Structures are given as C-alpha cells and as structure tokens.
Amino acid sequence: MSDAALVRRCLAGDPAAERALVERFQADVFGLCTRLLGSPHDAEDVGQEVFLRVFRSLRRWDESRPLRPWILGIAVNRCRTWAAKRAKGPELADYLHETADHRPEDDSGELTAELRAAVDALRPDYRAVFVLFHEHARPYEEIAEAVGRPVGTVKTWLHRARLELMERLRTRGLVPDDAPTRPTG
1 MSDAALVRRC
11 LAGDPAAERA
21 LVERFQADVF
31 GLCTRLLGSP
41 HDAEDVGQEV
51 FLRVFRSLRR
61 WDESRPLRPW
71 ILGIAVNRCR
81 TWAAKRAKGP
91 ELADYLHETA
101 DHRPEDDSGE
111 LTAELRAAVD
121 ALRPDYRAVF
131 VLFHEHARPY
141 EEIAEAVGRP
151 VGTVKTWLHR
161 ARLELMERLR
171 TRGLVPDDAP
181 TRPTG
C-alpha cells in the first residue's frame, strides 16, 4: 500500500492502518532517535512522542512529498527538544568515571567508542545529517526534507561533520597526523 493510501486510511480512523504506519517507520524513527540521543530508553520515549505528533499532524502532510522525510523531520525536531531539556540537568554519564573499567582487549572497541563519542559531540545539525547519511543511508534530498534545509546546506554540514570527526580522531591519536585532511567519499 502506498504511503498516501495508508495516510488516508489513518485519517479515516482505521486502527489497522495506524498500526501499519507505525510498523512501516518505527525502525527508522527508533534507530535515528537512538543514535541522536545515545540512549535506547530515551529513544523509546521520544519515538512515542514522534508518532503522537505524526498522528496529530497527519492532515498537514503534503501528499505530493514523500512521507518518510516528513516523519524523520519530526523525529529530528523531537530529539533536539529532548536533548535540550536533558542538557539542563546532570547526565548519568557524568558519573560513569566512578564505575569499573571494562575496556575490551583489542583496540577496535576503543575506536568504535571514540567514533561514537566524536559523533555525539557534533553540534545537533551536523550530527543529524551525519547519522541520517552514514548510519541510515538516506539520500541527500530526503535528509534535506527531514531537517528542513536545502540539499547544499546538508552537503556542507555533512562535510564539516566529517572534518570535525577526522580532527577529533587525529587529536586522540587514532588517525595519523599525515592522514588526508579532507575525508574521501
């Protein structure tokens, strides 16, 4: 069933269509929220808010545009709001230094952790486009729709995010100093 037909059925109050809409986009929304917020628990809470917003706003969706970027845009905005609220209070991670060190023996875990930390440290706009492009394999046009910016801006933010990641990894000694300044791809 097409997205437009599914939305029409949802607007008509069909509970099966509402379940189908959630099932169709749940993995994308949860994956994006988990990556942007860094917590599966927070992602579940925000994901529920996203679908509440989707159903409240479904009448405003423009049928001539794809549904997925519209829903992902709502998810990005809800994550921004959630992160802003969370930033006002202490973070559980602030107390993690008091726990035992359980680092893996090989350094691939360290690189993965550093890369995640580097992505998490990006400003929210850069992080959103980076995660949508590299972790969710969304095309530029869909990302632009989701974040409400032109494709050129998305490409610029993605480029800057890559540069910041490379620099952070370089300063942490995980990328050699003579590695290319500009990441390829």
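Following full-length UniProt numbering, the numbering of the sequence shown begins with 1 at its first residue and continues without gaps.
Backbone N, C-alpha and C define an ideal beta-carbon position, used for all residues, glycine too.
These figures come from a predicted structure and were not determined experimentally.
Could you spell out the range, first to last residue, of the alpha helix (DSSP H) harbouring LEU158? As a working note, residue 158 is residue 158 in the sequence shown. 151–171 is the extent of the alpha helix (DSSP H) around LEU158.
What residue does the alpha helix (DSSP H) around LEU122 start on, and which one ends it? Residue numbering aside, residue 122 sits at position 122 when the sequence shown is read from its first letter. Where LEU122 is concerned, there is no enclosing alpha helix (DSSP H), given that its DSSP letter is neither H nor E.
May I ask you to report which of helix, strand or coil DSSP gives TRP61? Here residue 61 refers to the residue found at position 61 of the sequence shown. The DSSP-derived three-state label of TRP61 is coil.
So what does DSSP say about PRO15, is it helix, strand or coil? On the sequence shown, residue 15 is found 15 positions in, with the first residue counted as 1. DSSP places PRO15 in helix when its eight states are reduced to three.
Taking the straight line between their C-alpha atoms, what separation do you get for PRO104 and THR171? Here residue 104 refers to the residue found at position 104 when the sequence shown is read from its first residue. Here residue 171 refers to the residue found at position 171 when the sequence shown is read from its first residue. At PRO104, the pLDDT of 46 sits below 50, so the modelled position is not reliable; the number obtained from the coordinates is stated separately. The alpha-carbon of PRO104 is positioned some 22 angstroms away from that of THR171.
Apply the 10 Å Cβ neighbour rule to SER52 and answer buried if 16 or more other Cβ atoms are within range, or exposed otherwise. The residue you call residue 52 lines up with position 52 of the sequence shown. It should be pointed out that residue 52 corresponds to Leu in this sequence rather than to Ser. LEU52 is exposed by the Cβ-count criterion.
Looking at CYS79: is its Cβ nearer than 8 angstroms to the Cβ of LEU21? Taking the first residue of the sequence shown as position 1, residue 79 is located at position 79. Taking the first residue of the sequence shown as position 1, residue 21 is located at position 21. No. Outside cutoff.
GLY148, DSSP secondary structure in three states: Locating residue 148 in the sequence shown gives position 148, where the first residue counts as 1. In the structure shown, GLY148 adopts coil according to DSSP, grouped into three states.
Once the 5 residues before and after GLU98 are set aside, which same chain residues still bring their CB inside 7 angstroms of it? If you number the sequence shown from 1, residue 98 lands on position 98. With a pLDDT of 44 at GLU98, under the threshold of 50, the modelled position of this residue cannot be trusted; read the value that follows with caution. The beta carbon of GLU98 is closer than 7 angstroms to none in its chain, skipping five residues each way along the sequence.
Between the segment 68–76 and the segment 42–57, can you find at least three pairs of beta-carbon atoms closer than 8 angstroms? Yes, they touch.
If we ignore side chains and look at the alpha-carbon of each, how far apart do TRP157 and VAL151 end up? To locate residue 157, count along the sequence shown from 1; it is residue 157. To locate residue 151, count along the sequence shown from 1; it is residue 151. Distance between the alpha carbons of TRP157 and VAL151 is about 10 angstroms.
So VAL129 packs on TRP61, CB below 8 angstroms; how close in whole Å? As a first step, residue 129 must be located in the sequence shown, where it is residue number 129. As a first step, residue 61 must be located in the sequence shown, where it is residue number 61. Going by Cβ atoms, the distance from VAL129 to TRP61 rounds to 22 angstroms, so no, they are not a contact pair.
Please look up how many angstroms separate the CB atoms of VAL119 and LEU165, rounded, as I've assumed it's under 8 angstroms. Mapped onto the sequence shown, residue 119 falls at position 119. Mapped onto the sequence shown, residue 165 falls at position 165. At roughly 7 angstroms, the Cβ-Cβ gap stays under 8 angstroms, so VAL119 and LEU165 are in contact.
Would you report the Cα separation of residue 216 and ALA161, rounded to the nearest angstrom? Residue 216 lies beyond the residue range present for the chain, which begins at 1 and ends at 185; the question has no answer from this structure.
Beta-carbon proximity check, HIS134 vs LEU32, cutoff 8 angstroms: Residue numbering aside, residue 134 sits at position 134 when the sequence shown is read from its first letter. Residue numbering aside, residue 32 sits at position 32 when the sequence shown is read from its first letter. No, the Cβ-Cβ distance between HIS134 and LEU32 is not below 8 angstroms.
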